[in-house]
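Taking it in order: structure first as structure tokens, then the write-up.
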């Protein structure tokens, strides 16, 4: 306690007590985050405008703007296009391929019999997945549908697939996958005019952005609009929109009817956020900056006149099929190598804008590195340029491989495996795959439907060293031949071994034939001795 506090205690004890209490409160306030990120007194933090909200206010209420801006950036900003396509190509590429791996130890099946069952499952799945009949729109096969679904997830924040059944002549399976763009999963229009009392009377649960939940917050259904909300009336006509309520899981079978591809950021979140959402502002600013530099760098000519003129600027070229009422005097295109005859009193002046600026590339790289960190795509991978050292390039690729591996595992669990299980159940019910106990024991069903999903291989900067390292990991027991094959080539070790066995047998057969021919050609014919001029 200082001198002033001691004096105040002696003169006015009540004020002294209040002073001590205030000092204690101030010390409590200015502790921990109140001195840093939560400070309300520092000058550096006073200009920070913030507002917090629930996932609905922070995410769901802003989704329409985020989606439309994300798609606009994808269509008009090269860096945004590159980020989306880089993720799609490295995560899904041509599509994740299944490798059936039934749990034969649990099922009590020998390894040889399990191998035969796995091969049969793979053949049957290819019969369904390799043709566009698996697509409800009958356009893409299953692997192309993966690309469409994952790209939609990146652009819109979430992607949706409805599992339907439809009989088609000549097609052994009825399962169909319909990909739906995120905008069509939306709340019905009648929700805007119903009061809470009316909602209770109609037994309508809580619906947020087309996702219906029960009183406990569990998702029970989705509302699908029959048309895209942004479609023009010339395409959809003047009829009103209709919504279909699709239950998340079937009441009788328990099968998942709707696949929601979304990665949640917060608890209670019902809709996803586009990949580009955190960097949209930077992307747009960079796009404007690039356009400005490009426009300023174009060769520009000014015609200086002594008198004003209303004539159309010379050199202006418009396509013959374009009709304009008023020529655009600010847009003039000069023909290459043109000779211009100037009028009296006119002279040519060339603009020297000094563009692009010398710091353009350095500034771009600095901003792109920040965006790359937010997108988890190293700038070397985003630019497709590995001009640094080998170790730096390899480190960037390894870091990006973690990102793609995480997305690939999530996509396989959220999309590929549920579709595979729905197909497997139909195959068993139709008797095309024999799986005793599948329909009665969930553990047996899980053992039969065990499957690995392999994607694109890693990028190898030095294939020889990578192969030697893989061999060392397998020999040391740190990895398996199947894992290394999937990572290095994206293939199947078992399939490779079967193919090598067939090739080895074929090579032996060819070598035997070639060896016999060489022996026959090099053999010297034996002649009898004696004088050839004499007869015996």
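In the numbering used here, the protein residues as written are 435 to 970.
Idealized CB from N, CA, C, for every residue including glycine.
Quantities reported herein were computed from a predicted structural model and do not represent experimental measurements.
In this structure, how does DSSP classify residue 387 when only helix, strand and coil are distinguished?
Outside the shown range of the chain (435 to 970) lies residue 387, about which nothing can therefore be said.
On the criterion of 16 or more Cβ atoms from any shown chain inside 10 Å, does residue 659 qualify as buried, or is it exposed?
In the chain shown, the residue the question calls residue 659 occupies position 225. Buried is the call here.
Would residue 657 be called buried (16 or more neighbouring beta carbons within 10 Å of its own) or exposed?
For the purposes of this step, residue 657 is taken as the residue at position 223 of the chain shown. Buried is the call here.
Between the region 489-507 and the region 857-864, do three or more beta carbon pairs fall short of 8 Å?
Counting Cβ pairs under 8 Å, fewer than three are found: no touch.
With the cut-off set at 8 Å, would you say residue 572 and residue 566 are in Cβ contact?
Walking along the chain shown from the start, residue 572 turns up at place 138. Walking along the chain shown from the start, residue 566 turns up at place 132. Against a cut-off of 8 Å, the Cβ pair of residue 566 and residue 572 comes out as a contact.
Which residue or residues does DSSP assign as beta-bridge partners of residue 656?
Taking the chain shown and counting its residues from 1, the one referred to as residue 656 is at position 222. The partner list for residue 656 (beta bridge, DSSP) reads 645, 680.
Can you tell me whether residue 451 is helix, strand or coil according to DSSP?
Counting from one through the chain shown, the residue named residue 451 turns up at place 17. Three-state DSSP puts residue 451 in a helix.
Suppose contacts are defined by Cβ-Cβ distances below 8 Å. Is residue 493 in contact with residue 588 by that definition?
Position 59 of the chain shown, counting from 1, holds the residue named residue 493. Position 154 of the chain shown, counting from 1, holds the residue named residue 588. Against a cut-off of 8 Å, the Cβ pair of residue 588 and residue 493 comes out as no contact.
Looking only at its own chain, which residues have a Cβ that is under 8 Å from the Cβ of residue 682, when we skip the five neighbours before and after it?
Numbered from its first residue, the chain shown carries residue 682 at position 248. Closer than 8 Å at Cβ, skipping near neighbours: 653, 654, 655, 656, 690, 691, 692.
State the Cα-Cα distance for the pair residue 801 and residue 867, rounded to the nearest angstrom.
The residue labelled residue 801 in the question sits at position 367 within the chain shown. The residue labelled residue 867 in the question sits at position 433 within the chain shown. Between residue 801 and residue 867, the C-alpha separation is close to 55 Å.
Rounded to the nearest angstrom, what separates residue 593 and residue 849 at their Cα positions?
Here residue 593 corresponds to residue number 159 of the chain shown, with the count starting at 1. Here residue 849 corresponds to residue number 415 of the chain shown, with the count starting at 1. Spanning the two alpha carbons is a distance of roughly 10 Å.
Check whether the Cβ of residue 585 lies closer than 8 Å to any Cβ atom in chain D.
As a matter of chain content, chain D is missing from the structure shown, which is built from one protein chain.
With C-beta atoms as the reference, is residue 846 less than 8 Å away from residue 500?
For this step, residue 846 is matched to residue 412 along the chain shown. For this step, residue 500 is matched to residue 66 along the chain shown. Their beta carbons are not under 8 Å apart, which means residue 846 does not touch residue 500 by this criterion.
Mind checking which residues open and close the beta strand (DSSP E) that includes residue 531?
The residue labelled residue 531 in the question sits at position 97 within the chain shown. Note, residue 531: beta strand (DSSP E), 531-534.
Hey, out of 909, 914, 926, whose CA is closest to residue 891's CA?
The count along the chain shown starts at 1 and reaches residue 891 at position 457. Nearest option by C-alpha distance: 926.
Which value, in whole angstroms, describes the spacing of the CA atoms of residue 568 and residue 695?
Working through the chain shown from its first residue, we reach residue 568 at position 134. Working through the chain shown from its first residue, we reach residue 695 at position 261. Cα-Cα distance, rounded: 19 Å.
Where residue 793 and residue 472 are concerned, what is the direct C-alpha to C-alpha distance, given to the nearest angstrom?
Here the question's residue 793 lines up with position 359 in the chain shown. Here the question's residue 472 lines up with position 38 in the chain shown. Going from the Cα of residue 793 to the Cα of residue 472 covers about 36 Å.
Quick check on this structure: which residue in 726, 852, 446, 722 has the alpha carbon closest to the alpha carbon of residue 597?
For the purposes of this step, residue 597 is identified with residue 163 of the chain shown, where counting begins at 1. Comparing Cα positions, the closest option is 852.
Below 7 Å CB to CB, which residues in the same chain sit around residue 540 once its five sequence neighbours on both sides are set aside?
Position 106 of the chain shown, counted from the first residue, corresponds to residue 540. Counting only Cβ-Cβ distances below 7 Å, and skipping sequence neighbours, we find 881.
Alpha carbon to alpha carbon, how far is residue 731 from residue 722? Give it in angstroms, no decimals.
As a working mapping, residue 722 is identified with position 288 in the chain shown. As a working mapping, residue 731 is identified with position 297 in the chain shown. Those two C-alpha atoms are separated by around 14 Å.
Output the residue ranges of the alpha helix (DSSP H) runs that lie fully inside the region 851-905 and measure 4 residues or longer, sorted by chain position.
Runs found: 851-863, 876-882.
Do you know how far the Cα of residue 485 is from the Cα of residue 913?
Translated into positions along the chain shown, residue 913 becomes position 479. Translated into positions along the chain shown, residue 485 becomes position 51. Between residue 913 and residue 485, the C-alpha separation is close to 49 Å.
Between which two residues does the beta strand (DSSP E) harbouring residue 613 extend?
Your numbering for residue 613 matches position 179 in the chain shown. Note, residue 613: beta strand (DSSP E), 609-614.
What residues in its chain sit with their C-beta under 8 Å from that of residue 716, if we drop five residues either side in the sequence?
Here residue 716 refers to the residue found at position 282 of the chain shown. Cβ within range, chain order: 801, 804, 805.
Under the rule that 16 or more other beta-carbon atoms within 10 Å means buried, what is residue 643, buried or exposed?
Counted from its first residue, the chain shown places residue 643 at position 209. Answer is buried; the Cβ neighbour count reaches 16.
Can you tell me whether residue 446 is helix, strand or coil according to DSSP?
As a working mapping, residue 446 is identified with position 12 in the chain shown. Residue 446: coil per DSSP, three-state reduction.
For the alpha helix (DSSP H) that contains residue 954, what are its first and last residues?
As a working note, residue 954 is residue 520 in the chain shown. That run of the alpha helix (DSSP H) goes 927-956.
Less than 8 Å between the CB atoms is what I'm expecting for residue 595 and residue 583, so what's the real figure, rounded?
Translated into the one-based positions of the chain shown, residue 595 becomes position 161. Translated into the one-based positions of the chain shown, residue 583 becomes position 149. Confirmed, Cβ separation roughly 6 Å.
Which parts of the region 465-548 are runs of the alpha helix (DSSP H), unbroken and 4 residues or longer, counting only runs that do not cross its ends?
Here the runs fully enclosed are 477-480, 489-492, 497-510, 512-525, 538-541.
Please go through the same chain and pick out, in chain order, the residues whose beta-carbon is closer than 8 Å to the beta-carbon of residue 522, but skip the five residues on each side of it.
Here residue 522 corresponds to residue number 88 of the chain shown, with the count starting at 1. Once the five neighbours on either side are set aside, the close Cβ partners of residue 522 are 581, 584, 585, 588.
Anyone know if the C-beta pair for residue 888 and residue 920 falls short of 8 Å?
Working through the chain shown from its first residue, we reach residue 888 at position 454. Working through the chain shown from its first residue, we reach residue 920 at position 486. Contact flag set, yes.
If you follow the alpha helix (DSSP H) that residue 580 is part of, which residue opens it and which one closes it?
Locating residue 580 in the chain shown gives position 146, counting from the first residue. Residues 576-590.
Look up residue 690 in the DSSP assignment and say whether it is helix, strand or coil.
Locating residue 690 in the chain shown gives position 256, counting from the first residue. Residue 690 falls in the strand class under three-state DSSP.
Leaving out the 5 sequence neighbours to the left and right, which residues in its chain are closer than 7 Å to residue 677 when beta-carbon positions are compared?
In the chain shown, residue 677 corresponds to position 243, counting from 1. Taken in chain order, the residues that qualify are 622, 657, 658, 659.
Under the three-state reduction of DSSP, which class applies to residue 640: helix, strand or coil?
In the chain shown, counting from the first residue as 1, residue 640 sits at position 206. Residue 640: strand per DSSP, three-state reduction.
What residue does the alpha helix (DSSP H) around residue 719 start on, and which one ends it?
In the chain shown, the residue the question calls residue 719 occupies position 285. Where residue 719 is concerned, the enclosing alpha helix (DSSP H) stretches over 714-731.
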